[in-house]
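> Please find one structure pasted underneath; my questions will follow.
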Amino acid sequence: MIASPKPKKIKVAGYRGLISPIVDHKSFLDFLKVAFKNNFTELTPISERPERQVMYFTWEGKGYFIKRYLSRGLRSYLKYKLGISKASLSFKTPGYLAKFSVNTPKPMLILSKHYRLFELEEIYISQEIPTAISLRQFVYENIYSGRFSRKQRLDFFRSFARFLANIHRAGVYHGDFRADNIYLENTLEKDYPLYLIDLDAIKTIRWISREMRVKNLDEIGRNFKDLDKISFRDRARVVVYYLKFYKGEKKPLKVFLKEICDRTRSKL
Ligand SMILES: Nc1ncnc2c1ncn2[C@@H]1O[C@H](COP(=O)(O)OP(=O)(O)O)[C@@H](O)[C@H]1O
Ligand SMILES: [Mg+2]
Numbered sequence: 052m053i054a055s056p057k058p059k060k061i062k063v064a065g066y067r068g069l070i071s072p073i074v075d076h077k078s079f080l081d082f083l084k085v086a087f088k089n090n091f092t093e094l095t096p097i098s099e100r101p102e103r104q105v106m107y108f109t110w111e112g113k114g115y116f117i118k119r120y121l122s123r124g125l126r127s128y129l130k131y132k133l134g135i136s137k138a139s140l141s142f143k144t145p146g147y148l149a150k151f152s153v154n155t156p157k158p159m160l161i162l163s164k165h166y167r168l169f170e171l172e173e174i175y176i177s178q179e180i181p182t183a184i185s186l187r188q189f190v191y192e193n194i195y196s197g198r199f200s201r202k203q204r205l206d207f208f209r210s211f212a213r214f215l216a217n218i219h220r221a222g223v224y225h226g227d228f229r230a231d232n233i234y235l236e237n238t239l240e241k242d243y244p245l246y247l248i249d250l251d252a253i254k255t256i257r258w259i260s261r262e263m264r265v266k267n268l269d270e271i272g273r274n275f276k277d278l279d280k281i282s283f284r285d286r287a288r289v290v291v292y293y294l295k296f297y298k299g300e301k302k303p304l305k306v307f308l309k310e311i312c313d314r315t316r317s318k319l
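Under the numbering used here, the first residue of the sequence shown carries the number 52, and numbering increases by one thereafter.
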């Protein structure tokens with residue numbers, strides 16, 4: 052595993068934060084200053100909610116995603132002060148996950164600006180994962196379409212199960228574990244490099260309860276409920292592989308599987 056270079060402190064356009072040496076270049080910062088001045092209007096919008104926007108831009112041939120959070124109130128201000136705001140979590144989590152061989156987009160920059168009392172703007176920039184597509188798209192293209200052979204399907208399920216088991220073993224819980232927040236390289240290799248994105252929904256805790264593990268497995272299975280090509284048998288296989296990699300589950304497979312299915316049924 053290659054260690055990411057250490058971020059440096061930075062002040063730019065009235066913001067302060069941390070920058071990765073990868074983008075610590077005058078032309079990158081000049082580009083950002085212009086973007087700030089124009090209120091990001093020249094960047095490609097990806098998604099928008101009242102409290103945050105996601106945008107895309109390219110610099111020197113590489114793509115970057117920028118997530119801008121606006122918050123107000125004592126609660127979010129305290130989280131920011133404690134270093135656990137959504138932007139801070141997004142910036143810190145990749146380093147922690149890398150220790151467990153869980154891939155994420157590389158964090159490039161985090162900035163914050165304090166306005167009136169308890170009013171904050173935070174900016175988080177991550178590098179685009181080159182050649183990756185979302186798990187949703189991957190499943191549609193390779194499994195739903197019937198393109199994958201049985202062996203390819205099983206290899207993929209095994210990679211996915213190992214990825215989720217690793218995350219849980221690391222004490223990481225993604226509260227929004229959906230097929231749009233998982234990316235992977237669209238290769239036909241045996242081991243699929245999977246990536247976790249949207250890291251502000253992550254909690255790092257010492258012990259992921261069975262309830263949480265069941266929830267993640269149910270959620271991801273429910274994402275593909277409309278695809279009758281992912282049969283109950285295939286879903287069960289993912290769970291079998293998952294338990295093999297997770298190791299610490301005390302309940303037998305049958306009971307664990309039933310808990311997942313019961314949850315799925317109650318949510319549909
Ligand atoms: N580093 C990244 N690499 C590739 N795609 C990304 C990256 N960051 C964001 N995206 C894309 O932008 C979308 C929205 O970003 P995300 O962090 O998931 O925010 P949201 O809270 O809107 O779900 C993602 O679903 C994904 O398509
Ligand atoms: Mg998302």
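Where is the CB? At the ideal position from N, CA and C, for every residue including glycine.
1. How is the beta strand (DSSP E) around H219 delimited, first residue to last?
2. Which ranges would you report for the beta strand (DSSP E) in the segment 174 to 202 if only whole runs of at least 3 residues count?
3. Is D249 close to ligand 1? I mean its beta-carbon at under 7 Å from any heavy atom of the ligand.
4. Using the beta-carbon count (16 or more within 10 Å), is D269 buried or exposed?
5. To the nearest angstrom, how far is it from the Cα of M52 to the Cα of D75?
6. My parser needs the beta strand (DSSP E) runs of 3 or more residues fully inside the segment 96 to 177; what are they?
7. So for R264, helix, strand or coil by DSSP?
8. Using the C-alpha atoms, what's the distance from V289 back to K164?
9. Along the alpha helix (DSSP H) that carries K77, what are the first and last residues, could you check?
10. Thinking I233 and L247 are a contact (beta carbons under 8 Å), I'd like their distance in whole angstroms, please.
11. Quick one: Cα of D242 to Cα of V190, how far?
12. Nearer than 7 Å: is that true of the beta carbon of N232 relative to any heavy atom of ligand 2?
13. So which of N267, R261, R264 and R204 has the shortest CA-CA distance to S282?
14. Please report the straight-line C-alpha distance between F307 and D313, rounded to a whole angstrom.
15. When you compare only the Cα positions, how much space is there between F199 and N193?
Per the coordinate set shown:
1. As a first step, residue 219 must be located in the sequence shown, where it is residue number 168. Judged by DSSP secondary structure, H219 falls outside any beta strand (DSSP E) and instead within the alpha helix (DSSP H) spanning R201 to R220.
2. When DSSP assignments are scanned along the segment 174 to 202, the uninterrupted stretches of beta strand (DSSP E) that are 3 or more residues long and fall wholly within it turn out to be 183 to 185.
3. Your numbering for residue 249 matches position 198 in the sequence shown. Flag set: Cβ of D249 near ligand 1.
4. The residue given as residue 269 occupies position 218 in the sequence shown. Taking every protein chain shown into account, the CB of D269 has 16 or more other CB atoms within 10 angstroms, so this residue is buried.
5. The residue given as residue 52 occupies position 1 in the sequence shown. The residue given as residue 75 occupies position 24 in the sequence shown. Confidence is the limiting factor: at M52 the pLDDT is only 48, short of 50, which leaves the residue's position unreliable, though a coordinate-based value still follows. Between the alpha carbons of M52 and D75 lies a distance of about 22 Å.
6. Inside the segment 96 to 177, DSSP marks whole beta strand (DSSP E) runs of 3 or more residues at positions 103 to 110, 113 to 123 and 158 to 165, from first to last along the chain.
7. Looking up residue 264 in the sequence shown gives position 213. R264: helix per DSSP, three-state reduction.
8. As a working note, residue 164 is residue 113 in the sequence shown. As a working note, residue 289 is residue 238 in the sequence shown. Going from the Cα of K164 to the Cα of V289 covers about 44 Å.
9. Within the sequence shown, the letter at position 26 stands for residue 77. For K77, the uninterrupted alpha helix (DSSP H) run begins and ends at K77 to K88, by DSSP.
10. By one-based count along the sequence shown, residue 233 stands at place 182. By one-based count along the sequence shown, residue 247 stands at place 196. The C-beta separation of I233 from L247 comes to about 6 Å, placing the pair in contact by the 8 Å criterion.
11. Here residue 242 refers to the residue found at position 191 when the sequence shown is read from its first residue. Here residue 190 refers to the residue found at position 139 when the sequence shown is read from its first residue. Rounded to the nearest angstrom, the two C-alpha atoms are 15 Å apart.
12. Looking up residue 232 in the sequence shown gives position 181. Remark: the C-beta of N232 is in contact range of ligand 2, defined as less than 7 Å to any heavy atom.
13. Mapped onto the sequence shown, residue 282 falls at position 231. Answer by Cα proximity: R204.
14. Along the sequence shown, read from residue 1 onward, the residue named residue 307 stands at position 256. Along the sequence shown, read from residue 1 onward, the residue named residue 313 stands at position 262. Between F307 and D313, the C-alpha separation is close to 10 Å.
15. Within the sequence shown, the letter at position 148 stands for residue 199. Within the sequence shown, the letter at position 142 stands for residue 193. If you draw a straight line from the Cα of F199 to the Cα of N193, it comes to about 6 Å.
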